[in-house]
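Sequential numbering from 1082 applies to the sequence shown in the numbering used here. Positions of the beta carbon are idealized from the N, C-alpha and C atoms, including for glycine.
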Amino acid sequence: SSGINAEYGGGHGALICALKNPGKYKCVSTFAPIANPSECPWGIKAFTGYLGENKGAWKQCDATYLAKDYDGPKLEILLDQGEDDPYLNDKQLLPENLQNSCAGNKLLSLNLRKQPGYDHGYYFISSFIEEHFTFMAKHIC
């Protein structure tokens, strides 16, 4: 059993690794990921550049869409998001879309914690990383 953790853009990578490989990971821990790249300006630019105009291909690389169709063992997800994150306010991260997808899938348990007073910086991660380590240890030890 293992878990996966990453922050920011890598956080989306951690999510899709777990969602595309059912059973490989028991849990995912992430900070402020780009949760729905098919629907945000950064993701649209990146997906168009790397995957072309076929939005069907985008869905295979988007955690929010993968969560809707996930059909593996129960997967626990801890996602911390700073409420003062400028990228959240610019609609680049869209964690609420992932939350809605997970709510519709009984195999996924997402704990989305919005942290008041935190942005997208070092102190955000350093303030909560120990809780993420505890979360991971609970599920993989």
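Identity of the residues DSSP links to residue i by a beta bridge
i: Glu1088; result: Phe1112
i: Asp1200; result: Partner(s): none; Asp1200 has no beta bridge.
i: Leu1156; result: Leu1189
i: Gln1162; result: Lys1195
Per-residue burial, residue i [other beta carbons within 10 Å of its own, 16 or more giving buried]
i: Thr1145; result: buried
i: Tyr1151; result: buried
i: Gln1173; result: buried
i: Thr1129; result: exposed
i: Ser1110; result: buried
i: Asp1166; result: buried
i: Gly1137; result: exposed
i: Ile1221; result: exposed
i: Tyr1204; result: exposed
i: Leu1096; result: buried
i: Gly1198; result: exposed
i: Gly1202; result: exposed
Where residue i sits in the DSSP three-state scheme
i: Gly1130; result: helix
i: Gln1180; result: helix
i: Glu1212; result: helix
i: Lys1195; result: strand
i: Gly1104; result: coil
i: Asp1150; result: helix
i: Lys1140; result: helix
i: Lys1219; result: helix
i: Leu1175; result: coil
i: Asn1135; result: coil
i: Ser1083; result: coil
i: Cys1121; result: coil
Contact with chain D by residue i, beta-carbon distance below 8 Å
i: Tyr1146; result: No chain D is part of this structure, which consists of one protein chain only.
### Query
If you pair each beta-carbon of the region 1174-1189 with each one of the region 1113-1121, do three or more pairs fall below 8 Å?
yes
key: Inter-stretch contact (C-beta, 8 Å, three-pair minimum) for the region 1121-1137 and the region 1157-1165   = no
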